[in-house]
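For the sequence shown, the positions run 368 to 619 when the working numbering is used.
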Amino acid sequence: MTIWEIAVGIGAGLIAGCINTLAGNGSALTLAVLMEFFGLPANIANGTNRLGIVAQSWATTFSFIKEGRFDFHRNYQVLLWPVLGAFIGIYLAIIISSEGFRLVYKYLLLLMLVVILIKPKRWIQTPSGENKTPMWIIYFIYFLIGIYGGFIQMGMGIFALATFVLVGKMDIIKANVLKSYIVAVYTTIALLVFAWQGLVHWGFGITLAIGQMAGGWTTAVFASRSPRAGIVAYYLLIICVIGAILKVFGWV
368 MTIWEIAVGI GAGLIAGCIN TLAGNGSALT LAVLMEFFGL PANIANGTNR LGIVAQSWAT
428 TFSFIKEGRF DFHRNYQVLL WPVLGAFIGI YLAIIISSEG FRLVYKYLLL LMLVVILIKP
488 KRWIQTPSGE NKTPMWIIYF IYFLIGIYGG FIQMGMGIFA LATFVLVGKM DIIKANVLKS
548 YIVAVYTTIA LLVFAWQGLV HWGFGITLAI GQMAGGWTTA VFASRSPRAG IVAYYLLIIC
608 VIGAILKVFG WV
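Written out as structure tokens, the structure is:
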């Protein structure tokens with residue numbers, strides 16, 4: 368690897384780590400760098416990209432723990448169901464094509480943008496009052512989002528945030544904390560599978576991972592300490608969703 372390649376990898380990872388921590392879909396940038404700049408085939412780029420996600424998600428999680436924003440014992444059931452669902456998703460990714468899910472993903476993004484823009488206070492303010500949705504329904508939805516993440520990963524951060532905020536009635540920062548841990552756990556498993564299949568370029572993956580760890584850690588500190596972090600996360604989420612829509616529909 369050249370110095371230029373290392374610099375581009377770390378820089379792209381840094382930006383993606385910041386985006387993923389507060390919103391999601393940073394993989395749109397890292398996958399583009401892996402395929403268009405580094406010239407990796409799509410399947411190897413997909414496997415290599417998981418290395419950066421693992422590094423960033425664990426760095427983000429440990430940063431939230433250090434800042435006192437993560438409590439495993441109070442949230443273990445919230446964490447359990449998406450992780451269990453992700454096992455099924457990873458299995459499905461091995462045995463069937465993801466093209467149908469990718470088609471659905473395009474239109475889910477349009478729906479997501481509408482949902483985000485309607486009543487923005489749901490995303491910015493800390494919810495008050497008791498969540499009246501039956502817990503079995505909430506956990507089932509968490510399980511489904513885990514299947515989605517294990518299967519396709521693309522857009523998982525966006526959909527996980529929406530699920531935790533709108534269904535779980537969490538504020539957007541707490542939703543980001545739980546999202547980071549869940550992604551860290553199941554993506555570690557997925558990375559092991561890709562590595563076993565020889566679909567990871569370790570050199571390029573490590574450069575991205577360095578940048579993503581730094582971006583994830585520092586952004587988690589900001590999210591934990593800044594009173595405006597929720598507002599920043601909300602507007603960054605809107606930008607990321609719009610960018611993803613323009614990309615998947617071929618408008619840019």
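All C-beta atoms, glycine included, are put in the ideal place defined by N, C-alpha and C.
Rounded distance between the beta-carbons of residue j and residue i, thought under 8 Å
{"i": "A395", "j": "K614", "result": "6 Å"}
{"i": "A546", "j": "G524", "result": "The sequence given here has Lys at residue 546, not Ala. Correct: roughly 6 Å between the Cβ atoms."}
{"i": "I612", "j": "L477", "result": "6 Å"}
{"i": "I505", "j": "V552", "result": "Actually they do not touch by this definition, with Cβ atoms about 19 Å apart."}
{"i": "V596", "j": "I540", "result": "What sits at residue 596 in the sequence shown is Ala, not Val. The Cβ separation is near 6 Å, so the contact holds."}
{"i": "C607", "j": "I386", "result": "6 Å"}
Short Cβ contact (9 Å threshold) for residue i with residue j
{"i": "V550", "j": "S424", "result": "yes"}
{"i": "G452", "j": "A576", "result": "no"}
{"i": "G513", "j": "G456", "result": "yes"}
{"i": "F616", "j": "K473", "result": "yes"}
{"i": "G384", "j": "T574", "result": "no"}
{"i": "Y548", "j": "F454", "result": "no"}
{"i": "V421", "j": "T530", "result": "no"}
{"i": "W584", "j": "A426", "result": "yes"}
{"i": "L511", "j": "N410", "result": "no"}
{"i": "R417", "j": "A527", "result": "no"}
{"i": "V544", "j": "T428", "result": "yes"}
CB contact check: residue i to chain C, cutoff 9 Å
{"i": "S593", "result": "Included in the structure is just one protein chain, with no chain C present."}
**Request:** Determine contact between the region 421 to 436 and the region 586 to 599, defined as no fewer than three beta-carbon pairs at a distance below 8 Å.
**Result:** yes
**Request:** Give a yes or no on contact between the region 499 to 509 and the region 372 to 387, applying the rule of three or more CB pairs nearer than 8 Å.
**Result:** no
**Asked** At what residue ranges does the region 421 to 477 contain a whole run of the alpha helix (DSSP H), taking only runs of 4 or more?
**Response** 439 to 462
**Request:** Mind the definition here: the region 579 to 589 touches the region 442 to 449 only if three or more C-beta pairs lie below 8 Å; say whether that holds.
**Result:** no
**Prompt:** Is the number of C-beta pairs between the region 400 to 407 and the region 602 to 616 that are closer than 8 Å three or more?
**Reply:** no
**Item:** Meets three-Cβ-pair contact criterion under 8 Å: the region 502 to 517 and the region 385 to 392
**Value:** no
**Asked** What are the start and end residues of each continuous alpha helix (DSSP H) run of 4 or more residues lying completely inside the region 547 to 599, in chain order?
**Response** 569 to 592
**Message:** I'd like the ranges of any alpha helix (DSSP H) spanning at least 4 consecutive residues and lying wholly in the region 497 to 546.
**Reply:** 502 to 519 and 523 to 529
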